[in-house]
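The next block holds one structure in the form of structure tokens; read it before the comments.
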Amino acid sequence: MDFLQGGLPPTLEEIISALQTCRQQQNLHNARLLHASVCEYGLNAHGAVGNHLIPMYVDCGGLHEASQIFNTLAVRNEHSWTSLIHGHVLDGNASHALSVFSQMKEHSVCPSIFTNVAVLKACTRLQRIDLGREVHTCIVEDGYDADSFVGSVLMDMYVKCESLVDAKGVFDDLQGRDVVPWTVLIAGYVDHGLPEEALHCMDLMESEGVQPNDFTYACSVKACGNLGALTRGREIHAEIVKIGLETDLFLCNTLLDMYVRFSTLLDAVEVFDTISSPDIVTWTAIIAGYADNGLEEEALNCFQQMQVNGVTPTAPTFSCCLNACASLGVIAKGYYIHSEIVKRGLDGAFPNTISAKDSGNGFMSTTVILKNALIDMYGKCGAMLDVQDVFNRMEIRDSLTWTSLIMGYAQHGETERVHNLFDKMIEAGMRPDQVTFLTVLTVCSHVGLVNEGYKYFESMVKDFGVAPSPELRNCMVDLLCRAGQLHEAVLLLKRSFAQPSFVTWVMVLDACHKRGNLELARSAFECALNLDDNHSSAYSAMSNILLNTQTWDDVASVDVMGAVIQACEDL
Numbered sequence: 001m002d003f004l005q006g007g008l009p010p011t012l013e014e015i016i017s018a019l020q021t022c023r024q025q026q027n028l029h030n031a032r033l034l035h036a037s038v039c040e041y042g043l044n045a046h047g048a049v050g051n052h053l054i055p056m057y058v059d060c061g062g063l064h065e066a067s068q069i070f071n072t073l074a075v076r077n078e079h080s081w082t083s084l085i086h087g088h089v090l091d092g093n094a095s096h097a098l099s100v101f102s103q104m105k106e107h108s109v110c111p112s113i114f115t116n117v118a119v120l121k122a123c124t125r126l127q128r129i130d131l132g133r134e135v136h137t138c139i140v141e142d143g144y145d146a147d148s149f150v151g152s153v154l155m156d157m158y159v160k161c162e163s164l165v166d167a168k169g170v171f172d173d174l175q176g177r178d179v180v181p182w183t184v185l186i187a188g189y190v191d192h193g194l195p196e197e198a199l200h201c202m203d204l205m206e207s208e209g210v211q212p213n214d215f216t217y218a219c220s221v222k223a224c225g226n227l228g229a230l231t232r233g234r235e236i237h238a239e240i241v242k243i244g245l246e247t248d249l250f251l252c253n254t255l256l257d258m259y260v261r262f263s264t265l266l267d268a269v270e271v272f273d274t275i276s277s278p279d280i281v282t283w284t285a286i287i288a289g290y291a292d293n294g295l296e297e298e299a300l301n302c303f304q305q306m307q308v309n310g311v312t313p314t315a316p317t318f319s320c321c322l323n324a325c326a327s328l329g330v331i332a333k334g335y336y337i338h339s340e341i342v343k344r345g346l347d348g349a350f351p352n353t354i355s356a357k358d359s360g361n362g363f364m365s366t367t368v369i370l371k372n373a374l375i376d377m378y379g380k381c382g383a384m385l386d387v388q389d390v391f392n393r394m395e396i397r398d399s400l401t402w403t404s405l406i407m408g409y410a411q412h413g414e415t416e417r418v419h420n421l422f423d424k425m426i427e428a429g430m431r432p433d434q435v436t437f438l439t440v441l442t443v444c445s446h447v448g449l450v451n452e453g454y455k456y457f458e459s460m461v462k463d464f465g466v467a468p469s470p471e472l473r474n475c476m477v478d479l480l481c482r483a484g485q486l487h488e489a490v491l492l493l494k495r496s497f498a499q500p501s502f503v504t505w506v507m508v509l510d511a512c513h514k515r516g517n518l519e520l521a522r523s524a525f526e527c528a529l530n531l532d533d534n535h536s537s538a539y540s541a542m543s544n545i546l547l548n549t550q551t552w553d554d555v556a557s558v559d560v561m562g563a564v565i566q567a568c569e570d571l
């Protein structure tokens with residue numbers, strides 16, 4: 001803005017040059033000063049100046065000023081329309097962007113390729129594939145369909161609108177494909193649960209001599225995690241190190257997440273140690289890694305170190321720490337973490353401060369997740385008054401809330417309350433899942449409530465469509481065996497669609513031992529050996545039954561086989 005100091009009126013070319021320079025600087029304060037100076041010279045009404053003021057304000061974050069200037073322009077060219085559309089997209093208001101585009105067409109202003117790109121980004125945000133297809137047609141007619149940049153924007157729109165076939169079609173038509181369209185396609189495959197295709201695409205890309213960027217590598221690492229391909233993940237990690245991206249925070253966080261999912265904590269810690277300034281994503285990943293792999297104390301130590309480093313925890317961080325406290329049964333640390341959640345306003349205790357946008361999106365779901373974790377933690381620590389207090393204060397509850405509450409009371413033997421809460425859960429319109437039924441069936445098993453157990457087991461399939469998992473079936477078998485109803489237990493197993501496991505038949509063998517049922521024991525023993533004849537537990541259980549019934553000849557042969565198997569296991 002040096003020309004403003006000279007005293008002479010600037011030329012139109014100088015004004016436009018200054019506006020373009022200010023736009024590049026992206027400084028809203030300077031933009032306003034320059035605009036004021038332009039007004040002093042009376043040039044703000046000039047069409048060319050106005051059409052340059054709009055993109056300047058848009059790029060400087062002054063969308064409100066850009067809109068005001070746009071509304072005062074007597075003549076609006078394609079540049080000003082496109083700038084305003086682009087501004088609304090940048091501001092996160094895709095609906096307004098498409099509204100401006102509609103007005104642009106009503107004024108018979110022909111969109112440029114830059115207009116179409118901005119509109120495509122708005123379509124992507126709103127998943128407006130219908131309008132996106134119309135814009136795609138215009139792009140083809142204008143001859144830009146082979147352009148790598150334009151094609152990448154088109155592909156991204158189709159990927160986000162769940163149309164991978166269209167995205168692949170655009171990709172195939174591109175000429176001189178650079179890293180961007182390749183990465184969009186790889187990311188699309190990953191996001192749509194096709195990790196094998198993503199890694200195959202990565203191989204094709206490298207075979208064509210295109211160098212992956214950090215985001216390409218991140219998508220490929222995520223694909224390895226989803227596919228369970230640890231070896232390939234390590235190979236990609238080696239590539240990342242080779243090209244010098246091993247300290248990139250985004251990539252490190254992705255690698256860390258992959259290694260945590262594979263439970264290879266040594267690799268995860270090695271990645272963590274390369275990061276000079278871990279962010280909250282990094283800390284949460286390593287805390288989750290420790291907590292999920294039985295190293296709860298290390299998880300809580302990490303949480304403490306994170307706070308010392310001045311990193312603010314988020315809801316997922318707190319959730320991991322509460323799970324660690326629950327596993328350790330350390331209620332004192334659980335109380336501390338609860339107080340931190342309240343301090344940071346994540347417990348939903350101040351509904352008047354929550355915007356409609358927050359309550360309709362992630363805030364309330366985050367609150368429910370945290371409170372469910374609190375209920376689980378307090379229940380496992382035996383603090384049932386705290387469990388009930390958290391539950392009573394919840395305005396929104398989901399199925400997991402009720403299940404966690406039921407589990408808490410089940411762990412403390414409050415059988416009647418468990419049944420009452422299950423009924424109330426149904427009355428509240430919640431659908432119990434496998435965990436809920438496993439909890440109530442376990443309670444029935446421990447106190448011998450056979451009829452109630454049958455009722456829950458039948459209702460599980462008939463009323464709620466919950467398939468009996470091996471754990472649920474074993475729980476029902478355990479209930480029947482504990483009650484001495486061994487034939488009913490075997491009948492249940494024979495009626496089952498899924499084949500009973502070795503563990504299930506050993507459970508029946510143990511029950512036969514307690515009840516002295518030799519005939520059924522022989523049948524269960526045979527079924528167990530058909531599944532695994534190299535495990536000593538079946539031989540041990542059968543030997544005990546034969547000893548109890550004084551079947552000496554059979555005891556000797558079973559003992560010999562059991563001893564051989566045990567010796568092999570000990571090697």
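Using full-length UniProt numbering, read the sequence shown as starting at 1 and increasing by one per residue. Just so it is clear, CB atoms sit at the ideal spot from N, CA and C, and this is done for glycine as well.
Phe502 and Arg495 have their C-alpha atoms some 17 Å from each other. Going by C-alpha positions, Pro181 is about 7 Å away from Phe171.
Where Gly188 is concerned, the enclosing alpha helix (DSSP H) starts and stops at Val179 to Asp191. For Ser537, the closest of Thr504, Asn517, Pro470 and Ala299 by C-alpha to C-alpha distance is Thr504. For Val241, the enclosing alpha helix (DSSP H) stretches over residues Leu230 to Lys242.
Within its own chain, the residues whose Cβ lies closer than 7 Å to the Cβ of Cys512, once the five positions on either side in sequence are excluded, are Leu486, Leu520, Ala521, Ala524 and Ile545, listed in chain order.
Taking a C-beta distance under 7 Å as the contact criterion, Val117 and Ser152 do not qualify as a contact pair. By the Cβ neighbour-count rule, His412 is exposed, with fewer than 16 other Cβ atoms within 10 Å of its own. Pairing Cys219 with Gly233 gives a Cβ-Cβ distance that is not under 7 Å.
Rounded to the nearest whole angstrom, the CA to CA distance from Asp147 to Gln175 is 7 Å. For Gly334, the enclosing alpha helix (DSSP H) stretches over residues Ile331 to Lys343.
For Asn71, the closest alpha carbon among the candidates Val165, Asp532, Phe272 and Asn51 is that of Asn51. Out of His46, Tyr57 and Pro9, the CA that lies nearest to the CA of Cys22 is found in Tyr57. Here the alpha carbon of Ala36 sits roughly 29 Å from the alpha carbon of Gln103. The shortest C-alpha to C-alpha distance from Asp191 to any of Gly209, Asp433, Val179 and Tyr158 is the one to Tyr158. For Glu395, there is no enclosing alpha helix (DSSP H), as DSSP gives it neither H nor E. The C-beta distance from Val179 to Val210 rounds to 6 Å, short enough to meet the 8 Å contact threshold.
Annotated as distal: Leu492 and Glu471, with beta-carbon spacing of 7 Å or more. Taking the Cβ atoms as the reference, Ile375 lies roughly 5 Å from Val390, within the contact range of under 8 Å. Secondary structure of Thr314 (DSSP, three-state): coil. Comparing alpha carbon positions, the residue from Ala122, Phe464, Ile113 and Arg76 closest to Gly92 is Ala122. Residue environment for Cys325: buried (at least 16 other C-beta atoms within 10 angstroms of its C-beta). Taking the Cα of Cys60 as reference, the smallest distance to any Cα among Trp81, Ile426, Asn27 and His88 is reached at Asn27. The alpha-carbon separation between Leu518 and Asn451 amounts to approximately 26 Å. Here the C-alpha atom of Leu12 lies approximately 10 Å from the C-alpha atom of Ala18.
Between the stretch 333-349 and the stretch 273-290, the count of Cβ pairs shorter than 8 Å is below three; the stretches do not touch. If you look at Phe262, you'll find it isn't in any alpha helix (DSSP H); DSSP assigns it neither H nor E.
For Ile113, the closest C-alpha among the options Cys138, Gly132 and Leu98 is that of Cys138. For Ile280, the closest alpha carbon among the candidates Ser263, Glu414, Glu297 and Asn309 is that of Asn309. Here Ser319 really is in contact with Ala373; their C-beta atoms are around 5 Å apart, less than 8 Å.
Met425 is positioned such that its CB atom lies closer than 7 Å to that of Trp402. When the beta-carbon positions are compared, Asp156 and Thr124 come within less than 7 Å of each other. Judged by beta-carbon spacing, Val506 lies beyond the 7 Å limit of Ala483, meaning their Cβ atoms are not closer than that value. Under the three-state reduction of DSSP output, Asp433 falls in the coil class, being neither helix nor strand. When secondary structure is reduced to three states using DSSP, Tyr217 falls in the helix class.
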